[in-house]
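Engineer: The following block contains the structure, expressed as structure tokens.
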């Protein structure tokens, strides 16, 4: 467990790591924590307050970092301490008492007693009256003055001092010796009463006063600690690490499901190492991208080690679930292989020569509760290959050439990461359409076959070659129109929804501020985004614009400049656009750090308003150059309007919604009306003086030769009629989070599908989850019980059909198991839900109560139906009888 | 007790503070230390080795700082460890095994584990094999390599690592945790054997090898840590503090004698506070002048507090010894007053109006063992005053006008130090000749009396007023000849010894190096003397040259420049010259630090050779630009020839000796043949980067207004026929160390001398000490016993009459007490001498043995005669029966 970040983390990861920690504390110490202690994260999220606060049974939440303007106003109004209602949907049922400290999280400035640290002027309490530095009266006066000063900005008579800070208590004695003396003499003095306290004691003291507290809604983003220091750079910092964390987080979710199906292995590999590594990397100086380079390297290494073990769990589980060992001599030696480097076109098990009659078996697992159709793509070396499903029917497939740029990226990074060069070079991507049952898998066979459509149809358009006025891309309901002469996206047309919207997409970079100001110098760095000006990136004149067309999808390839490459995909069966970008190495030979953004511009009249998710869950309204809680003084018109994005960002006007979903945590905004932008990558040359002590200048090295880091990623774009965007954002958003899991093996001679279970159904084969519910945890605990967590994916009022109470029938979810006992718990599964609700402190608020919130009721042990209200997440520990 | 300095301390102070510490350790822990641990002092003295080493019963002495050239040669020859014979006179009877560390006193460079200190590259021992920084094999290899490297410059198989350094072990655990691991794994490895050790264990291991060791004589001065870093500045740094320490050290010696005569006061004031303060100020960053200013201030304050208490002891003792309370109603209320600020002409008890019939009583105490005649001087406000002895005879006296410059100095410093301005301003110094018995006092009465010779005869010689060719000064055997037109000393003539030598005396300053070199930068600072050039100080043309003549002495007053004033005194009854100088405030408005020296130039052909004392005791031969122990590479021809002086410096040729004695620790040299120089004061503007972190820029402040510190001091000069200088240097040198102690009271009406004991004899009135022995300690211990320490003042062969065995008859020293038991002890009085000699380790040396050393034999309890061989110091604890 760690003090996780609140901007760049996904709520599922927050829940997983908190569960790990809370259950450890419960088991090891029999303690159930009551207080959230997020003192360091750089801004605070609604999800932290209501989900990881109220829903884990906390009575209060404390932290230090809120916007300096906000803090000034709150000190003035004594509203640093509030009742925070983070969720519109759950309202007062998930509110929490929350305190922001008046001055960061240090002790008052001259009460600081670290060993070997003379950086503050904190005289010790000299109480030997024979010594010339005897200072008890002065020190006590200073103590009382500091206490009174804080009391003046605080409601009630109770204040809290945080006696410590980063890296302190290397030798606790130097602190306690002084604090002991202060307590003794201050209490002897009697003007204030001082005691060693805890946040729990403080919370109870505040509660006992029966004071009324102001209400706070939404969140505390973005965070600025002075006029030019907006901590919005870290929303994007280390995008490759952020992408890796998200990918592994999804893998961990799926791997636990497969581990559950197979049964937890008491002695062999399990998913615990991956759980530990993923928990730690949620730290506010980990996935945030604000750690030193060698620390980032270690985080990635730990995840990779955890992944390797989980990979064995998944392979063994697939073997077991497919009932392989009983039907054939096929052993675990010849186990399933997987391809964690598929993003850089590297997948050794698929890069095999199939011309000699070998068949490639691909198992495709779907961790979601609903049936799913998706296009799977794998690199192959043969041109003449085809795909069959497990019933022997050929499946539609499409070959796309592997580009030179991809081959280069693959070659370089395989060498850099694995220390060896790939043996072969695949020539194609083989794409095929897979259909997979919920919580189950399908099996596909790839084998040699002469095919008519050797590869996708290729259409190249050099800009000097202006033969057509427009180029139309997409063979399904969605079409994108490009200008032929410039190769630029101009229009988005959906023939089903009848949306027709002019769209432009471009890249720019912000020049990272180098901090050489004489007044309030501030560089852009790992934490802070501070631009020194915008530089649009024009596509190079001679840049090629290539369209690849085929039966499953069309791809538009654009080399934006020498270090940005982009592929835009329109799938025949989908109504959104998929954009894959490859950014880097960002050049720095001009001595200028760069922060790369992509902009999508439309004609939507969104009136400065846009929406970003809170940790991938609730969407929060953002208004450019405006804060609801105070009268904003705008000093950084770009950086000050950036917000963290984990799921997506959207804008709307009276008729239309433009939504963009992301594959990892990024920063984004709407800087002009009709426009959205995402920051994709950052390479900077100066430290921003917030502790990391390094410039954010990521490189990838082979031996000692390093080049700037290239980032590959995707985002997804959809334009809908007003009111219809949520469905895609929520349900497809969950599919982005949980992609299909692929495992490969070879079939030599035998007919695989006859000897194995080709299609696996984890649930009753006839059962499908409702579209508004996801299984976010299904895990066998160490004691053999199951941890089961369901999330309603929609907010109140978000979708006319899906923002309603949803039901999940557990008898269908676990058709072959008998539920002996089901216990609803707190979100972190460390206490019973009823007990948690019973103990919860009730706070007075200074505003009118809102209407009663509706939530799903208790689960009837006979019916075993779980009801979930919008945005509700319910956690159960299930005891099965076998 | 502290790790005392070895250059700027007097041997009597070294003995006193070591005795304090050793007796404390004995009483508190019943431990007798065996090892000298002088790891930090900046060079090492012969007296430390033989007196404070061998003579306190140590078996070895260790330290870090020796000249970098010396160290290089010793490493090469494996002669860092030697048998040191520090005394020519005591030879092998006072030798000690001594080790200089091969690289300062830190651990090897990457074995350094202080909490919160990342300044060295010292990885912890990571022995968790599951962690990526597991490094046991590497760290063990590094450990072995460091050990072997040191073994290669060390005789025998044993080496010592000093696991710590300045300010370390703030949290000992961080060190011990790593050392524990090293010991475990290194011994497991087996190539070397490592253990937690102590210097005693190490010494015993070295001794057990029966190795032969090289002989070292003389001392390790001066110390340089690189070509341009000679630590010879601190010989003079903070000359006022050095002067204060010396003055108080003498006062402490006398005060303990008086405390002994009166009997130690169990509950009232005693001399312990002064003892403690004087002990601590002997530290190598205290009297050395190398502490920060506020620390120096505290040292002075502690001494002053100790003095105040000792002043009460002295006053009460004089009251008791003079048998005052029994003869009169004179009570302790009206006690003796003393004048610690007499050096700045401030003495309130003597500055009283005697015209109304009041008499001033002056008690003059002589702490030496021989009868003494000296000229006493006190400030008075009346012109018509005369002095009578206790038998009613008028004593010869002389009035000297108090100069404007003295009045200014007095006014400024009384205000600065006491916070108040003097009430009166005396007009004159009244000088009179006092005769005082050994270990006793005489009483003198000053009262109103019309005198013929109102004041000294004044002769002013402006330089424009060239009426005479020469001016002769001195009315006794010694005459100084000045050139009339320039006012410069030209000749020294002694009509008794027939010495006639041309002499010049001048002032110069060295420009303190500011450390702005690009290669090996090094500033002159508190520790280091590095000059950037010499600047002769020419007397200003219009400067006056005034001679005051009278019956007791002649004074020559010279204003050298606006910030140097000098008075040269020739006493009718003495054959030496006394020079009082007043230097400061040294101007720094030109941005140049200055180091002020005075030079005395003669025609002596001393062939680069001069002699300086070791801590006021043995004289050591110094040869310019030469070291006996190695082939000197000369990089700093001034600073590299400076040596510490506590007693004096002399040069000689075939016919003549020129000796200069000092009143405090100073640095000095003979930079040209025939010449001697003393550094009197230093004011610098840069830190020399050796730890003090401040420039040596002393000021004196009234409120917030500060001016550069002015230093007042004296030195004494004598020219003798060859072979006759030692007598003056030794016997008069002891008088400089122990001046007469003055105490004042008023006689109103009664005839003081009739009602009191006017002359006190501490010893049998007929007994006088031989001229070659001093009582350096006479003190009542807490248990009622007496600590009694005698020092032979002469070296072997130094004087034809006095470098012989001397005898002291204790029955005459303690005529009224019966000695029940007398025990000779080690020098520090923590063990019996016989026991100490019995335990002493005997070492093999690689050179021929010298002839047997003669020392005084055991004291016969019946005869009670103590014999002392040259340079011998003998310490006794005496139990009296009362």
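Chains as they are written, first to last, in our numbering: chain A, 1 to 882; chain B, 1001 to 1882. The beta-carbon is built from N, C-alpha and C at its ideal position, and this holds for glycine as well. All values derive from a computational prediction rather than experimental measurement.
Name the residues in the stretch 168-180 of chain A whose C-beta lies less than 7 Å from a C-beta of chain B; which are they?
Structural biologist: Per Cβ criterion, the list reads 170 and 171.
Engineer: Hey, could you find the ends of the alpha helix (DSSP H) residue 182/A is sitting in?
Structural biologist: Annotation for residue 182/A: the continuous alpha helix (DSSP H) segment containing it runs 172-189.
Engineer: Three or more C-beta pairs closer than 8 Å, one from the stretch 1250-1257 of chain B and one from the stretch 1304-1311 of chain B: is that the case here?
Structural biologist: yes
Engineer: Let me check understanding here. Comparing Cα to Cα, which of 484/A, 262/A, 292/A and 296/A lies closest to residue 277/A?
Structural biologist: Measuring from the Cα of residue 277/A, the nearest candidate turns out to be 296/A.
Engineer: Which ranges would you report for the alpha helix (DSSP H) in the stretch 59-133 of chain A if only whole runs of at least 4 residues count?
Structural biologist: 68-76
Engineer: Three-state secondary structure (DSSP) at residue 1418/B?
Structural biologist: helix
Engineer: Give the C-beta separation of residue 1427/B and residue 1436/B to the nearest angstrom, bearing in mind that I take them to be a contact with Cβ-Cβ under 8 Å.
Structural biologist: Distance from residue 1427/B to residue 1436/B at the Cβ level is roughly 27 Å; contact not present, criterion being Cβ atoms closer than 8 Å.
Engineer: Name the residues in the stretch 1116-1131 of chain B whose C-beta lies less than 7 Å from a C-beta of chain A; which are they?
Structural biologist: 1116 and 1117
Engineer: Does residue 1332/B have its Cβ less than 8 Å from a Cβ in chain A?
Structural biologist: Low per-residue confidence applies at residue 1332/B: pLDDT is 45, beneath 50, and the placement is therefore not dependable, though the value from the model is reported in the following sentence. No, residue 1332/B lies away from the interface with chain A (no Cβ there is under 8 Å from its Cβ).
Engineer: Based on DSSP bridge pairs, tell me the residues matched to residue 1701/B.
Structural biologist: 1706/B
Engineer: Between the C-alpha atoms of residue 417/A and residue 707/A, what's the straight-line distance to the nearest angstrom?
Structural biologist: 14 Å
Engineer: With 16 as the cutoff for other CB atoms within 10 Å, does residue 1634/B come out buried or exposed?
Structural biologist: Classified as exposed, residue 1634/B has fewer than 16 neighbouring CB atoms from the shown chains inside 10 Å of its CB.
Engineer: For residue 6/A, would you say it is in contact with chain B, using Cβ-to-Cβ distances shorter than 8 Å as the test?
Structural biologist: no
Engineer: I want to verify the contact list: residues of chain A whose CB lies under 9 Å from the CB of residue 1114/B, in sequence order.
Structural biologist: Against chain A, a Cβ distance below 9 Å from residue 1114/B picks out 116.
Engineer: Please report the Cβ distance between residue 663/A and residue 727/A, rounded to the nearest whole angstrom; I am assuming they are in contact, meaning their Cβ atoms lie under 8 Å.
Structural biologist: 19 Å between Cβ atoms; not a contact.
Engineer: Taking the continuous alpha helix (DSSP H) assigned at residue 479/A, which residues delimit it?
Structural biologist: Counting along the chain, residue 479/A falls outside any alpha helix (DSSP H), though it belongs to the beta strand (DSSP E) covering 478-483.
Engineer: Between which two residues does the beta strand (DSSP E) harbouring residue 434/A extend?
Structural biologist: 428-436
Engineer: Specify the secondary structure class of residue 1836/B as computed by DSSP and reduced to three states.
Structural biologist: helix
Engineer: How would you label residue 1667/B, buried or exposed, when you count the other beta carbons within 10 angstroms and need 16 or more for buried?
Structural biologist: That one is buried.
Engineer: Name the residue from 1168/B, 1213/B, 1158/B and 1640/B whose alpha carbon lies nearest to the alpha carbon of residue 1197/B.
Structural biologist: 1158/B
Engineer: Tell me which residue opens and which closes the beta strand (DSSP E) that residue 1512/B is part of.
Structural biologist: It spans 1504-1512 - the beta strand (DSSP E) in which residue 1512/B sits, taken as one unbroken run.
Engineer: I'd like the list of long-range same chain contacts for residue 877/A, defined as Cβ closer than 8 Å, with 5 residues on each side in sequence excluded.
Structural biologist: 781, 785, 786, 787, 788, 822, 823, 825 and 829
Engineer: State the start and end residues of the unbroken alpha helix (DSSP H) segment that holds residue 47/A.
Structural biologist: Where residue 47/A is concerned, the enclosing alpha helix (DSSP H) starts and stops at 46-50.
Engineer: Of all the CB atoms in chain D, is at least one closer than 8 Å to the CB of residue 1031/B?
Structural biologist: No chain D is present in this structure, whose protein chains are A and B.
Engineer: Among the residues of its own chain, which have a CB less than 6 Å from the CB of residue 1702/B, if the five just before and after it don't count?
Structural biologist: Only 1415 and 1416 meet the Cβ criterion.
Engineer: Is the stretch 1145-1160 of chain B in contact with the stretch 1112-1129 of chain B, if contact means three or more CB pairs nearer than 8 Å?
Structural biologist: no
Engineer: Relative to the C-alpha of residue 1103/B, which candidate in 1069/B, 1090/B and 1274/B has its C-alpha closest?
Structural biologist: When only C-alpha atoms are compared, the closest one is 1069/B.
Engineer: When burial is assigned at 16 or more other CB atoms within 10 Å of the CB, is residue 1286/B buried or exposed?
Structural biologist: buried
Engineer: Is it true that the stretch 6-19 of chain A meets the stretch 605-618 of chain A, where meeting means three or more beta-carbon pairs spaced less than 8 Å apart?
Structural biologist: yes
Engineer: My assumption, with CB atoms under 8 Å, is that residue 511/A sits in contact with residue 533/A. Please give the rounded CB distance.
Structural biologist: 5 Å
Engineer: Distance, Cα to Cα, residue 1631/B vs residue 1539/B?
Structural biologist: Approximately 40 Å, taken between the alpha carbons.
Engineer: Using the C-alpha atoms, what's the distance from residue 507/A back to residue 23/A?
Structural biologist: 46 Å
Engineer: To the nearest angstrom, how far is it from the Cα of residue 1471/B to the Cα of residue 1537/B?
Structural biologist: Put simply, the backbone Cα of residue 1471/B is about 22 Å away from that of residue 1537/B.
Engineer: Please classify residue 1343/B: does DSSP put it in a helix, a strand, or coil?
Structural biologist: Residue 1343/B carries a helical assignment under DSSP once its states are collapsed to helix, strand and coil.
Engineer: Going by Cα to Cα distance, which pick from 556/A, 652/A and 574/A is closest to residue 568/A?
Structural biologist: 556/A
Engineer: Can you give me the C-alpha to C-alpha distance between residue 879/A and residue 861/A, rounded to a whole angstrom?
Structural biologist: Roughly 12 Å separates the two Cα atoms.
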